[in-house]
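J.:
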Amino acid sequence: MPLMWKHYLNEDTAQDMFDELYRSEYKGLLRSAIALFQRMGVQGQTARDRAEDAVQETFRVAWEKRSKVLTSPSPKGWLFSTLRNKVMTLANEERIWKKHMTQITECETELIDDTSDGFRMRAELSSILTNEEYELLKRLYLDGCTYQEICDEIGMKKSTLAMRVMRLKNRFIKEYHEK
Amino acid sequence: MPEITIWRDNPKSYPVLERMTLEELNCLLGQEMSALNSEPDVAYMSAIIEVMDKKEADTADGLRVDTEAALHEFHEDYQGKPSMCFSEAACETESSHLFQFQKSKPRNNSAGVRVLRNMAAMLAVVLILGGTASAFGVNLFQAVASWSNETFHFVFGQEQEHLDEPQADPFPDLRMAVAQETDCVVVPTYAPVQLQLTDINITERSDGTSILTTYASVRGDVTFRVQIYDTQPLQDSMIYQRDMNETRTYQVGDVEYILMSNNERCRAVWLNENVECCIQGHFTFEELEQMIDSI
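Okay, here's the thing in structure tokens:
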């Protein structure tokens with residue numbers, strides 16, 4: 002393995018080195034993340050979209066730990082290991098939310114029968130989620146829409162939408178468990 | 006200031022990859038990525054990616070990536086900012102060694118102080134009782150020592166021996182999970198060491214169901230993957246990475262078990278009807294054969 006360069010880390014140098022690492026590894030990491038998502042049953046554009054999130058998250062953590070990553074003998078190995086964990090976590094989150102949304106939808110179906118349990122659950126849920134928020138989660142996790150598709154529909158920036166979804170989910174989990 | 010050294014990983018040459026289709030390479034890459042409890046083989050994965058890039062260059066529907074746009078998005082939305090993708094759901098609902106969300110328990114200093122205070126009080130009572138008994142000519146401490154000697158004794162190494170012993174059924178959870186999907190019996194009833202289930206992951210795939218379990222043992226981690234396909238795959242379609250050591254086949258009935266080693270671990274791979282299995286850990290080939298015999 003040839004030595005490329007040796008020098009000392011300062012913020013400008015770290016940024017340059019990091020950007021170079023990003024440019025050289027982004028496509029390979031994206032390809033690997035898509036392959037892993039597909040292996041876990043996520044297909045098509047959804048796999049691509051979730052893979053992009055996982056790769057960006059991996060680089061976000063890499064930037065946080067840049068002094069360790071950039072001085073590592075194999076930054077690539079670190080990136081692949083972290084990416085694997087990120088994909089697994091995202092896929093797990095996807096599964097959990099799909100389950101949540103399925104339960105909520107089933108609960109709505111029960112409403113037709115006007116069972117008391119269904120009615121009570123619906124009442125609890127309506128105090129946590131507005132219709133708009135419920136639709137947003139449903140589009141993401143039941144309909145399998147990508148962030149980009151939803152952004153295009155509602156004219157919102159992807160990062161803003163992602164942050165909104167994350168806050169919404171955290172609030173839902175917190176309030177649902179409290180109830 | 007720390008000294009920075011950047012190394013470039015040189016991809017090794019794997020001629021076999023050139024003969025594979027893009028779809029097969031993609032499956033292989035996914036398989037490598039999902040190989041838990043082992044460091045990713047970066048050289049091998051780089052070689053797969055390189056061949057995929059080369060093959061895709063000739064096709065119109067290859068992976069199109071705008072790296073500069075992605076980097077711009079990274080600078081804008083991700084660099085130095087909190088995570089946008091992960092809610093607290095995963096850590097609250099599921100627990101797994103893979104997921105790195107761990108809430109640290111606040112230390113309860115007042116509890117520690119209470120324990121110390123209680124111990125000091127007990128010691129004072131014992132000393133007072135001892136002193137009083139001594140005044141009446143009874144050696145209380147000698148009596149306690151004699152009783153302890155008869156009642157308690159130390160057994161060295163028992164716990165370690167216990168962990169080395171085989172257990173009655175090392176894979177009960179996996180057995181139940183497999184039984185819900187198929188009648189085919191593929192799970193051994195014997196393992197040479199005690200196994201503690203650390204993770205079980207069931208994934209519905211387009212072509213069937215994948216069950217991946219991970220176990221902890223005194224010899225390190227053990228993984229057992231069972232893939233139940235909707236239709237019976239060809240044995241030739243199983244692709245596993247191995248090192249240069251010998252590969253052994255072990256025939257039991259109609260099923261051929263392939264034993265190989267990789268990354269200093271031994272692995273048994275087999276296909277029984279529509280069920281593909283792979284178990285790997287720090288076992289010997291003989292131990293793997295014993296496990297196979299117990300199926």
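Sequences listed follow chains A and B, in order. Quick note on the working numbering: the first sequence kicks off at 2 and runs consecutively. Quick note on the working numbering: the second sequence kicks off at 6 and runs consecutively. Just so you know, even glycine gets a beta-carbon here, dropped at the ideal spot from N, CA and C. Since the structure is predicted, the reported quantities are computational estimates derived from the model, not experimental observations.
Scan the region 129-170 of chain A and note each continuous beta strand (DSSP E) run of 3 residues or more that stays entirely inside, going in chain order.
T.: Listed in chain order, nothing qualifies, since the region 129-170 of chain A has no complete beta strand (DSSP E) run of 3 or more residues.
J.: Check the Cβ of V21(B) against every Cβ in chain A and list those closer than 9 Å, keeping chain order.
T.: Result: empty, since nearest Cβ-Cβ is about 18 Å, beyond 9 Å.
J.: For L80(A), count neighbouring Cβ atoms within 10 angstroms of its own Cβ and tell me buried if that reaches 16, exposed if not.
T.: When all chains shown are included, L80(A) counts as buried.
J.: Please classify R69(B): does DSSP put it in a helix, a strand, or coil?
T.: The answer is coil: DSSP assigns R69(B) none of H, G, I, E or B.
J.: By the three-class DSSP mapping on this structure, what secondary structure does D235(B) have?
T.: If DSSP states are grouped into helix, strand and coil, D235(B) belongs with coil.
J.: Below 9 Å between beta carbons: does that hold for V249(B) and S33(A)?
T.: For the record, residue 249(B) in the displayed sequence is Met; it is not Val. Not in contact: M249(B) and S33(A) (Cβ atoms no closer than 9 Å).
J.: For a test of the three-state rule: what should DSSP assign to L293(B), helix, strand or coil?
T.: DSSP places L293(B) in helix when its eight states are reduced to three.
J.: Check whether the Cβ atoms of L22(A) and P76(A) lie closer than 9 Å to each other.
T.: Contact flag set, yes.
J.: Would you kindly report the start and end of the unbroken alpha helix (DSSP H) that includes Q199(B)?
T.: Where Q199(B) is concerned, there is no enclosing alpha helix (DSSP H), given that its DSSP letter is neither H nor E.
J.: Residues of the region 254-274 of chain B in Cβ contact with chain A at a cutoff of 8 Å, in chain order, please.
T.: The residues in question: there are none.
J.: Any idea if R40(A) is buried or exposed, counting beta-carbon neighbours within 10 angstroms, 16 or more meaning buried?
T.: Answer is buried; the Cβ neighbour count reaches 16.
J.: Please state the DSSP three-state secondary structure of T72(A).
T.: Three-state DSSP puts T72(A) in a helix.
J.: Check whether the Cβ of F79(B) lies closer than 9 Å to any Cβ atom in chain A.
T.: Yes - at least one Cβ of chain A is within 9 Å of the one on F79(B).
J.: Closest to V231(B) by C-alpha separation, out of R224(B), D178(B), T254(B), would be which residue?
T.: With distances taken between Cα atoms, V231(B) lies closest to D178(B).
J.: Measuring from the CB of L200(B), is there a heavy atom of the ligand SAM at a distance below 8 Å?
T.: The ligand SAM is not part of the structure shown, which contains no ligands of any sort.
J.: List the endpoints of the continuous alpha helix (DSSP H) containing R180(B).
T.: Note, R180(B): alpha helix (DSSP H), 177-184.
J.: Would you call S1(B) buried or exposed, if buried means 16 or more other Cβ atoms sit within 10 Å of its Cβ?
T.: No statement about residue 1(B) is possible, as the shown extent of chain B runs from 6 to 300 and does not include it.
J.: From the DSSP output, read off the bridge partner residues of N206(B).
T.: Answer is L217(B), bridged to N206(B).
J.: So the candidates are I151(A), I155(A), T161(A), L143(A); which of them puts its Cα closest to the Cα of Q104(A)?
T.: Nearest option by C-alpha distance: L143(A).
J.: Which chain A residues are close to E209(B), counting only those with a beta carbon under 7 Å from its beta carbon?
T.: Near E209(B) (Cβ distances below 7 Å), the residues of chain A are G42.
J.: Quick check on DSSP: helix, strand or coil for Q256(B)?
T.: Three-state DSSP puts Q256(B) in a strand.
J.: Flag K66(A) as yes if its beta-carbon sits less than 9 Å from any beta-carbon of chain B, otherwise no.
T.: No, because no Cβ of chain B sits closer than 9 Å to the Cβ of K66(A).
J.: When the cut-off is 9 Å and only beta carbons count, does I35(A) lie next to chain B?
T.: Output row for I35(A): interface = yes.
J.: With DSSP run on the structure shown, which of helix, strand or coil describes V192(B)?
T.: If DSSP states are grouped into helix, strand and coil, V192(B) belongs with coil.
J.: Is there contact between the region 87-95 of chain A and the region 43-63 of chain A, where contact requires at least three CB pairs shorter than 8 Å?
T.: Yes, since at least three Cβ pairs between the region 87-95 of chain A and the region 43-63 of chain A fall closer than 8 Å, the two stretches touch.
J.: Quick one: which chain B residues come within Cβ less than 8 Å of E134(A)?
T.: Result: empty, since nearest Cβ-Cβ is about 13 Å, beyond 8 Å.
J.: Closer than 9 Å, Cβ to Cβ, to anything on chain A: give me those residues from the region 48-73 of chain B, in chain order.
T.: Going along the region 48-73 of chain B in chain order, one finds M50, S51, I53, I54, E55, M57, D58, L68, V70, T72, E73 with a Cβ nearer than 9 Å to chain A.
J.: Determine the DSSP secondary structure at R112(B), reduced to helix, strand or coil.
T.: For R112(B), the predicted model reports a pLDDT of 40, less than 50, meaning its position is unreliable; a value from the coordinates is still stated below. It is coil, neither helix nor strand.
J.: Would you kindly work out how many angstroms separate the C-alpha atoms of W98(A) and D66(B), rounded to a whole number?
T.: Their backbone Cα atoms lie some 32 Å apart in a straight line.
J.: So with CB distances below 9 Å, who are the chain D contacts of Y23(A)?
T.: Of the protein chains in the structure, A and B, none is chain D.
J.: Quick one: Cα of Q44(A) to Cα of L37(A), how far?
T.: So the two alpha carbons sit approximately 10 Å from each other.
J.: Pull up the distance between the alpha-carbon of M25(B) and that of Y49(B), whole angstroms please.
T.: The alpha-carbon atoms of M25(B) and Y49(B) are separated by roughly 14 Å.
J.: Where G85(B) and K159(A) are concerned, what is the direct C-alpha to C-alpha distance, given to the nearest angstrom?
T.: The alpha-carbon atoms of G85(B) and K159(A) are separated by roughly 17 Å.
J.: Leaving out five residues before and five after G145(A) in sequence, what residues of the same chain have Cβ atoms less than 8 Å from its Cβ?
T.: Excluding positions up to five away in sequence, the list reads T47.
J.: Alpha carbon to alpha carbon, how far is T64(B) from I174(A)? Give it in angstroms, no decimals.
T.: About 45 Å.
J.: When DSSP labels each residue in this structure, what does S39(B) get in the three-state scheme?
T.: Looking at S39(B) - three-state DSSP - the assignment turns out to be coil, as it is neither helix nor strand.
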